[in-house]
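Top line first, the protein sequences correspond to chains A and B. Numbering-wise, the first sequence is residues 1 to 686 according to UniProt numbering. Numbering-wise, the second sequence is residues 1 to 686 according to UniProt numbering. The beta carbon of each residue, even a glycine, is placed where N, CA and C say it ideally should be. See structure below.
Protein chains: 2
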Amino acid sequence: TRSNSANKSTSGKYLKELLPATNCLHPLHRKFTRLPHLAGTEQNLRYAEQIGKEWLEFGLDTVEMVPYDVLLSYPNKSQPNYISIVDQFGSEVFNTSLAEPVPEGYEDVSNIVPPYSAFSAKGQPEGDLVYVNYGRTEDFSQLEKDMGINVTGKIVIIRYGKIFRGNKVTNAMLAGAKGVILFSDPADYCAVGVQSYPHGWNLPGGGAQRGNIFNMNGAGDPLTPGYPAKEYTYRSNLENVVGLPNIPVHPIGYNDLAISCQKDFLSLFVAVSFSPKVRMNIHTNNQVTRIHNVIGRIRGALEPDRYVILGGHRDAWVFGGIDPMSGAAVVHEIVRTFGLLLRKGWRPRRTIIFASWDAEEFGLQGSTEWAEDNAKMLQERAVGYVNADSAIEGMYTLRVDCTPSLHTLVYDLTKQIASPEEGEEGVSLYESWHKRDNWTNDRDAPRISKLGSGSDFEAYFIRLGIAAARARYTKNKETERYSSYPVYHSVYETFELVDKFYDPTFKRLRAVAQVRAGLIFQLAESQLLPLDVNQYADSLGKYAQSIVQLAQRHPQEMTKYEVSFDALFSAVGNFSVAARDFHERLQTLNREDPMPVRVMNDQLMYLERAFIDPMGLPGRPFYRHVIFAPSSHNKYAGESFPGIYDALFDIKNSADTAKAWEEVKHQISIAAFTVHAAGMTLTPPA
Amino acid sequence: TRSNSANKSTSGKYLKELLPATNCLHPLHRKFTRLPHLAGTEQNLRYAEQIGKEWLEFGLDTVEMVPYDVLLSYPNKSQPNYISIVDQFGSEVFNTSLAEPVPEGYEDVSNIVPPYSAFSAKGQPEGDLVYVNYGRTEDFSQLEKDMGINVTGKIVIIRYGKIFRGNKVTNAMLAGAKGVILFSDPADYCAVGVQSYPHGWNLPGGGAQRGNIFNMNGAGDPLTPGYPAKEYTYRSNLENVVGLPNIPVHPIGYNDLAISCQKDFLSLFVAVSFSPKVRMNIHTNNQVTRIHNVIGRIRGALEPDRYVILGGHRDAWVFGGIDPMSGAAVVHEIVRTFGLLLRKGWRPRRTIIFASWDAEEFGLQGSTEWAEDNAKMLQERAVGYVNADSAIEGMYTLRVDCTPSLHTLVYDLTKQIASPEEGEEGVSLYESWHKRDNWTNDRDAPRISKLGSGSDFEAYFIRLGIAAARARYTKNKETERYSSYPVYHSVYETFELVDKFYDPTFKRLRAVAQVRAGLIFQLAESQLLPLDVNQYADSLGKYAQSIVQLAQRHPQEMTKYEVSFDALFSAVGNFSVAARDFHERLQTLNREDPMPVRVMNDQLMYLERAFIDPMGLPGRPFYRHVIFAPSSHNKYAGESFPGIYDALFDIKNSADTAKAWEEVKHQISIAAFTVHAAGMTLTPPA
């Protein structure tokens, strides 16, 4: 051990050594993208073992393999899934492709899982086809109300994009559809002026998007909600699992719809008489399967009971060229470089935990089960969680989503990192990013977004209330209107995709590695936790403004039902005062005395936890963060004050308006109380 | 501030000054028992103000009055409640008394609330009367199954005792009764050879037991479950409140049943044709009412963010001679004596919080709302909670209910306190207690029981997982078979009751004050928290044994449904090893270094928290302690592994045996996981 105050001068030095050391991403990325490694398969276990072995060699104090037995879903190998057009005699006159054309260089690879929708029900429904655009609530409602088309008993065809595919399926089920076909529309999956893979990075017509379609709302393994899926754990009967889709779902590419790239597709709702009849043939099986997380640790020197976590998934639908291996390579490289520091005698103030999660693609099972397994310790000890999914999804600039208290650290850090862009020698990542994506008119700084869901930070942030961040390289969202990145979840996510198109110098991945590594380093090493509670106060003020604006779209009802946001604004005001006073007290803190430092650090650490409501959000017991959660209508979109947001969203669809507004008032009260209580945790503790 | 290691030698000295100083209980008890001070009344607010003022004078750093607006229940002053016997023409030929005869010396006192059942529904049901003994599940089942008597549409008459009165009412509602009469049977409320008050401490025939009959299961204010009942808090519609009784309920004394004391009463089930017809006339109102907690603090010198809480209620049904003022006087006296220490320059290592709770009698509202209001801070910072309800309920010996980790402290402390019994000069409280109530054949030590519920520790222990204890003087439960103490919740709970009968020298109350004060002192002052995790391990082993024995009453079903306790025993084994290793590491801890001391103290503090399951027990979201909670069938009885216990209890009443055993298995799995996870928190943190 070492003295409490010693680390201030030396930690800056070590950070300066750490950041440039991240220079081996190219071979690491190559190494882990050669073979398909779907969750629950032999190859994904082999990669886990290899990673664990190498982490130990890099110098971590401990590495363990942590298995869970969770419900996964695989196509039936002897009965492939496909969709047919059937004629009036019931004969299949056209069948969709059974697999994607394998990219060059991978022809001999086995175990490429064909495109499918994980957790689809089995079945062979047959019927008329109805096109429902993106399958959003408003799409179904437009279809029903404006066009008088009822989808009950129909098969719906929905294009990917805008919202999480699981929400599309839920909406289809609620509307009474008996099957769902998901497809990639070139309008959403081809960038303008770009060739299809392998000549460019657009989605070829034979490619399709795999993905799970289950709205787990944070439950992790659906058979063991709230508890880790260990060997002895009691498992619910499959029939009792809430939210498991009960209709067949299947994804196809645009070739199977005979649409060529870069051409306008079906306009809204024209496909009703697309074909005489459609039959889906789906034989996908749910099965309890063993998965493996790899957990490595560097023991903290002074505060071993404070945890800083870097976690990202390892499982991929196929090769995972972008998702997740561009991120997993970054984790591996960060472990290697932290190992170099350890060899030089460095040891962080706090404990660092590195995680290679399994089964993210099936619904965040690996990370969620581990969070459930370690909930007590994480709740008491975790300082921050940095997520490491795909490190790149575009070639434009940095993208950061994080909790408000990390804004300042992200800015400080990116000023110490070099821009990876050509022609920007001597320019910081901060400047490069700022130039490309300024926040808003009223805030001159690079844009930082709210965390939504759809990756492994979910259980740590939304369920447990641990300050969290994610960072990646992204596209220009002003000009590049396609969804996600075009080859997302297809077989064309290869090493070459990154090496030839996205990041030929691997400098972008390196910049992302430096951001992630720097966050972990500073959270683990700073004597005072680098969390800015004033930023949280500012953000709460903006969120309160924006939710009241949403409500004010109904001025008459606001008056009629006496809906007031006063308590929320008053709570935000109290919080802001407490935050400002807290930072003032920090200025006069005696940093030589370890106990007062620990006391204030604990207040910083537990601030995010104070936004957790053990009651959960309405109907979603595992989404417990009152400030941030995805809306119930789109898992990907992070909303602020999600309880109020959802209650307002439901106003227009509710049969009982008075009751719907009562729910809005209830949610405002909960938000006001939570913000007030969180502010109280920042006041002097006695 | 002072140095970390300084306090070891001086703290013993201060404890030796503290304990003998508790010598003003007699005047304090007299002062606060002169007037009725029901929750929500003017007089109870006046006492609160007086207490707050005096606490400040005693020397506390801060005192605040904390109001909440909660649902309470009062008789209608203009329409008294009573029960009639009606003849065949519907005329009331006999009416029960409207009030108890006022005891001598209190004739001029106003605002004595007559006996009533708080939260009774209003109504005037009329019908046949059926006697259902104590109203337990087994009593109703015997009536129905063995005697073929259906109580649907009947008024049931149930004697007080054995289980919480709210559970009796729930059972009656489930059985279809349309009204409940509760009465005090001399067999349960008169001690042998004792005269009735004022000549002795037995219940007179004109006395009756007030009490709330609402099974809140830890929710506190029923209109704001999970949140503090502040001004701005959203309140549920009364109609939506789960568990509020929907039938009239009323208590009567034995004079109204024409039974004289010390004589055998109705034998079981003979009262069916007791009278032609009975009519209940109940006009009790539920109303949202302001209540007031008084919260005082002594700021901790070294760890201001660690809280030790002494809390007890102030509200009384009438004078509160025993319940709660025998305990509230103790709290007041402890504040006074801690004030004396402060004047001598002492300041505890940790923060001490003193609480005078309101509205305990209506269902723990004051303490629960404050726990909800401060949940985040309590979760992170509370070291222990000592409850201070009635300090005496008998004249025999000490009674302690506490969490296992406090057993050792209780024993150590009672060895430093003198026995209050005559003829035991020079004998310690420990010896006196040990002699009168040895634990069991296999454990030679004074008996300590599990915490149940029915007093203000509930939210702190069962919902939040804060190590908790209560101590009081009690009767000889081997020989004194009456329920509670005879005049419980009657107007006869006066100062004189204590001064003449229970504790004429006030030495028993003083011994209880010393136990409560000593617990607070040691929890607040010891450098290492005085919590013994080995004791927790031992207790878990015993609880596991006893729950498996309960299950083994069904050996064939255990086999048929493959019910195994292996995972639970394995978890208890792991926990025991972790506990032993933890205490071994404590031996070698460098106590001069504040950080490792804090780290291990945090592990000790958070151990109790580790038994909290945010999912709650089945159907009882606010009972979240997996090891300790009351059974669903009797709020007063603390059960270990309550989830398993209730699941086993339900086996015999379940229509679907297979499903009932599935629930047993589910609960075993949860218990095993929780014990395992709690054990993990004791291992080295990195």
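Step through the CB atoms of chain A and report whether any lies within less than 8 Å of the CB of Arg349 of chain B.
-> no
Taking Arg281 of chain A as part of the beta strand (DSSP E), name the residues at either end of that continuous run.
-> Note that residue 281 of chain A is Asn in the sequence shown, not Arg. Asn281 of chain A -> beta strand (DSSP E) spans Lys277 to Asn281.
Does any C-beta atom of chain B lie closer than 8 Å to the C-beta of Thr588 of chain A?
-> no
Specify whether the stretch 357-376 of chain A and the stretch 29-42 of chain A touch according to this definition: at least 3 beta carbon pairs, one from each stretch, less than 8 Å apart.
-> The stretch 357-376 of chain A, when compared against the stretch 29-42 of chain A, does touch it at the 8 Å Cβ threshold.
Go through the UniProt domain "PA" (126-211) of chain A residue by residue and report every complete run of the alpha helix (DSSP H) that reaches 4 residues or more, in order.
-> Listed in chain order, the complete alpha helix (DSSP H) runs (minimum 4 residues) inside the UniProt domain "PA" (126-211) of chain A are 137-141, 165-174 and 186-189.
Enumerate, from N- to C-terminal direction, the unbroken beta strand (DSSP E) stretches of 3 or more residues contained entirely within the stretch 55-133 of chain B.
-> 62-74, 82-86, 92-95 and 129-131
Do you know offhand how far Pro594 of chain A's Cα is from Met595 of chain B's?
-> 7 Å
To the nearest angstrom, report how far apart Asn215 of chain A and Phe457 of chain A are at their CA atoms.
-> 16 Å
CB contact flag (Thr683 of chain A, Ala610 of chain A, <8 Å) | no
Among the residues of its own chain, which have a CB less than 6 Å from the CB of Glu64 of chain B, if the five just before and after it don't count?
-> Ile295
Given that a residue counts as buried once 16 or more other Cβ atoms are within 10 Å of its Cβ, and exposed if not, what is Asp646 of chain A?
-> buried
Coarse secondary structure for His332 of chain B, derived from DSSP in three states = Of the three classes helix, strand and coil, the one that applies to His332 of chain B here is helix, per DSSP.
Straight-line Cα distance separating His26 of chain A from Gly465 of chain B = Here the alpha carbon of Gly465 of chain B sits roughly 50 Å from the alpha carbon of His26 of chain A.
Go through its chain and collect everything with a Cβ distance to Ala444 of chain B's Cβ below 7 Å, but skip five positions before and after it.
-> The amino acid occupying residue 444 of chain B in the given sequence is Asp; Ala does not appear at that position. So the list reads Asn438, once near-sequence residues are dropped.
Which word fits Lys13 of chain A, buried or exposed, when buried means at least 16 other C-beta atoms lie within 10 angstroms of its C-beta?
-> exposed
For Phe354 of chain A, which of A:Arg336, A:Gln527 and A:Gly345 has the nearest alpha-carbon?
-> A:Arg336
Selection from B:Ala637, B:Asp221 and B:Ser184 that minimises the alpha carbon distance to Tyr482 of chain B = Of the candidates B:Ala637, B:Asp221 and B:Ser184, the one whose C-alpha sits nearest the C-alpha of Tyr482 of chain B is B:Ser184.
Would Ile466 of chain A count as contacting chain B if we go by Cβ distances under 8 Å?
-> no
Reduced DSSP secondary structure (H/G/I, E/B, other) of Pro555 of chain B = helix
Flag Arg290 of chain B as yes if its beta-carbon sits less than 8 Å from any beta-carbon of chain A, otherwise no.
-> no
With Phe32 of chain B and Ala328 of chain B assumed to form a contact (beta carbons below 8 Å), what rounded beta-carbon distance in angstroms separates them?
-> 6 Å
Since Ile670 of chain B meets chain A, which of its residues come closer than 7 Å, beta carbon to beta carbon?
-> Tyr227
Evaluate contact between the stretch 129-149 of chain B and the stretch 157-168 of chain B, counting only Cβ atoms and requiring at least three cross-stretch pairs below 8 Å.
-> yes
Which same chain residues, not among the five before or five after Lys145 of chain A, have their C-beta less than 8 Å away from its C-beta?
-> none
Under the DSSP definition of a beta bridge, which residues are partnered with Thr33 of chain B?
-> For Thr33 of chain B, which the question treats as bridged, DSSP gives no partner whatsoever.
Contact between the stretch 196-206 of chain A and the stretch 167-176 of chain A (3+ Cβ pairs under 8 Å) | Judged by Cβ distances under 8 Å, the stretch 196-206 of chain A makes no contact with the stretch 167-176 of chain A, as fewer than three pairs qualify.
Using 10 angstroms around the beta-carbon of Arg655 of chain B, count the other beta-carbons present and answer buried if the total reaches 16, otherwise exposed.
-> Before going further, note that residue 655 of chain B is Ala rather than Arg in the sequence given. Classification of Ala655 of chain B: exposed, given that the 10 Å Cβ count is below 16.
Can you find a heavy atom of the ligand GDP that lies under 7 Å from the Cβ of Ala571 of chain B?
-> Only the bare structure without any ligand can be found here, which leaves the ligand GDP out of the picture.
State the DSSP-derived secondary structure class of Arg290 of chain A, mapped to helix, strand or coil.
-> strand
At 7 Å on the CB atoms, spell out the chain A contacts of Arg299 of chain B, in chain order.
-> Ala686
Quick one, are the C-beta atoms of Ala473 of chain B and Arg510 of chain B less than 8 Å apart?
-> Inspection of the sequence shows that residue 473 of chain B is occupied by Tyr rather than by Ala. With respect to Arg510 of chain B, Tyr473 of chain B sits apart: the two C-beta atoms are not nearer than 8 Å.
Can you name the residues of chain B whose CB is closer than 7 Å to the CB of Arg381 of chain A?
-> Pro685
To the nearest angstrom, report how far apart Ser405 of chain B and Ala513 of chain B are at their CA atoms.
-> When the Cα atoms are used, Ser405 of chain B and Ala513 of chain B turn out to be separated by approximately 21 Å.
If you count every other CB in all the chains shown that lies within 10 Å of the CB of Gly105 of chain A, and 16 or more means buried, which is it?
-> exposed
Could you please give me the residues that DSSP links to Ala316 of chain B through a beta bridge?
-> DSSP lists no partner for Ala316 of chain B.
For Thr408 of chain B, does the three-state DSSP call read helix, strand or coil?
-> Of the three classes helix, strand and coil, the one that applies to Thr408 of chain B here is helix, per DSSP.
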